[in-house]
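Chemist:
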Amino acid sequence: MTLLLNSAFEEIREKEEAYQAQKQCAAAAATHAKNNTKLIMGNPSTLGAFFAAGAYKGATSSSPKHQRKRAIITFVRTALTSILQ
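Residue numbers (my numbering): 5 to 89.
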């Protein structure tokens with residue numbers, strides 16, 4: 005009986021170690037993705053592209069005033085977020 009319990013405990017310990025290793029890898033991957041996103045969003049060319057896409061969408065839609073406001077708000081929010089971080 006103790007042999008079965010010991011093997012079960014050993015298996016549980018191995019699974020816990022594997023879980024902790026996977027958890028650390030997932031946290032590192034999430035941090036890496038967040039850092040890459042911050043780097044991309046902080047580029048002036050990216051901000052300009054977002055603004056240009058929003059301005060184009062606003063100019064060609066049926067309600068340009070609403071789309072233009074949304075594009076400007078998105079641009080300002082993105083710029084402030086990248087500056088503050």
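Idealized CB from N, CA, C, for every residue including glycine. These figures come from a predicted structure and were not determined experimentally.
Is it the case that the stretch 46-56 contacts the stretch 11-21, given that we only count it when at least three CB pairs across the two stretches are under 8 Å?
Modeler: As far as the Cβ criterion goes, the stretch 11-21 does not touch the stretch 46-56, which means the pair count is below three.
Chemist: Can you find the residues in the same chain that come closer than 8 Å, C-beta to C-beta, to R74, ignoring five residues on each side of it along the sequence?
Modeler: Closer than 8 Å at the Cβ level, and outside the excluded window around R74, lie G58, G62.
Chemist: What does the alpha-carbon distance come out to for the pair L43 and S66?
Modeler: Approximately 34 Å, taken between the alpha carbons.
Chemist: Could you give the residue range of the alpha helix (DSSP H) that holds S49?
Modeler: 48-64 is the span of the alpha helix (DSSP H), which, as asked, contains S49.
Chemist: Report the CB separation of T85 from F54 in whole angstroms; it is logged as a contact under 8 Å.
Modeler: Not confirmed; about 12 Å, so no contact.
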